[in-house]
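Student: Shown below is the structure under consideration.
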Amino acid sequence: MSATSILTLYERLYAHYGPQHWWPRRYGGNWEIVAGALLTQNCAWRNVERALANLYAAGVDSADAVLSTPLPALQELIRPAGFFRQKSAYLHSLAAFYLKHGEEYATACSAAELQRRRRELLALRGVGRETADSILLYAFTQPIFVIDAYTRRVSERHLGIADAVSRRYDDLQAQFMAALPKDTQLYNEYHALLVQFCKDSCLKKGCGALCATLAGGEGGVEAGETDSVNCCAAARHAAKNRC
Ligand SMILES: [Zn+2]
Numbered sequence: 238m239s240a241t242s243i244l245t246l247y248e249r250l251y252a253h254y255g256p257q258h259w260w261p262r263r264y265g266g267n268w269e270i271v272a273g274a275l276l277t278q279n280c281a282w283r284n285v286e287r288a289l290a291n292l293y294a295a296g297v298d299s300a301d302a303v304l305s306t307p308l309p310a311l312q313e314l315i316r317p318a319g320f321f322r323q324k325s326a327y328l329h330s331l332a333a334f335y336l337k338h339g340e341e342y343a344t345a346c347s348a349a350e351l352q353r354r355r356r357e358l359l360a361l362r363g364v365g366r367e368t369a370d371s372i373l374l375y376a377f378t379q380p381i382f383v384i385d386a387y388t389r390r391v392s393e394r395h396l397g398i399a400d401a402v403s404r405r406y407d408d409l410q411a412q413f414m415a416a417l418p419k420d421t422q423l424y425n426e427y428h429a430l431l432v433q434f435c436k437d438s439c440l441k442k443g444c445g446a447l448c449a450t451l452a453g454g455e456g457g458v459e460a461g462e463t464d465s466v467n468c469c470a471a472a473r474h475a476a477k478n479r480c
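This note's numbering applies: residue 238 is where the sequence shown begins, and numbers increase by one.
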């Protein structure tokens, strides 16, 4: 089965689902996105929503407010998001960082400057590549593509990228960015579409009905027996690597 190209898959997903309106934000402001990107590590989004609801209900609705909330109180508020002791400390340092750099980071910049900002974010405790890139793309509208376990799964199963599940984050990101126009809104939509597609069809346990329709080969080839075997292998890899 021939692989679907990175751009073709985007076009099919977008045609099927339409705009996803990410980042899912309830309260407004970039800080909510930054906080959500950190809290969602190893945590289902519905639990992040509960943690954010606690924070905002308690008036802890800005980076300033987070910094002036003592860690024990912060831990109680974000408890639904899990790993609350670690995450409260990370949230504090991220809040300090945001207050210092938030305005600057939202400005347009060169590719080299974007990499510099990314390195600064990555130097913070608790901020890995997926979190840093989510913050840069969704909070600061910078043109950088987010890679996550879903991206890896779909890449390996449908895009012909054989080692996508184990490939270095930056290598897979470079491959996506080389195949796509440099377009912040497209990066925004594509990541959100991949999340939706994996929730609907390209499941951890294997491919569903929509996979052949949306992510089949260029000729719309149905997923065959061989593909199912590969999907199972990919699912096992993904299960191991997934947070
Ligand atoms: Zn699939």
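The beta carbon of each residue, even a glycine, is placed where N, CA and C say it ideally should be.
Cα separation between LEU447 and SER438?
Tutor: Going by the C-alpha atoms only, they are around 6 Å apart.
Student: What alpha helix (DSSP H) runs, 4 residues minimum, are completely inside the region 298-373?
Tutor: The qualifying runs are 300-304, 308-315, 321-342, 348-359 and 366-371.
Student: So, at 8 Å on beta carbons, what are the nonlocal neighbours of LEU417 in its own chain, with the 5 sequence-adjacent residues on each side left out?
Tutor: Same-chain partners within the cutoff: ILE243, LEU244, TYR247, PHE382, LEU423, TYR424 and TYR427.
Student: Heavy atom of ligand 1 less than 7 Å from the Cβ of HIS395, yes or no?
Tutor: It does: the Cβ of HIS395 is within 7 Å (strictly closer) of some heavy atom of ligand 1.
Student: Could you tell me the distance, in whole angstroms, from the CA atom of ARG249 to the CA atom of PHE434?
Tutor: When rounded, the distance between both Cα atoms is 11 Å.
Student: So, at 6 Å on beta carbons, what are the nonlocal neighbours of ALA252 in its own chain, with the 5 sequence-adjacent residues on each side left out?
Tutor: Once the five neighbours on either side are set aside, ALA252 has no close Cβ partner at all.
Student: In terms of residues, what are the limits of the alpha helix (DSSP H) holding ILE270?
Tutor: ILE270 -> alpha helix (DSSP H) spans 267-276.
Student: Tell me the rounded alpha-carbon separation between ALA240 and HIS258.
Tutor: Their Cα atoms are separated by approximately 28 Å.
Student: Verify the contact flag: CYS439, CB atom, against every heavy atom of ligand 1, threshold strictly below 7 Å.
Tutor: The answer is yes for CYS439.
Student: Please report the distance separating the alpha-carbon of GLU357 from that of VAL303.
Tutor: C-alpha separation (whole angstroms): 20 Å.
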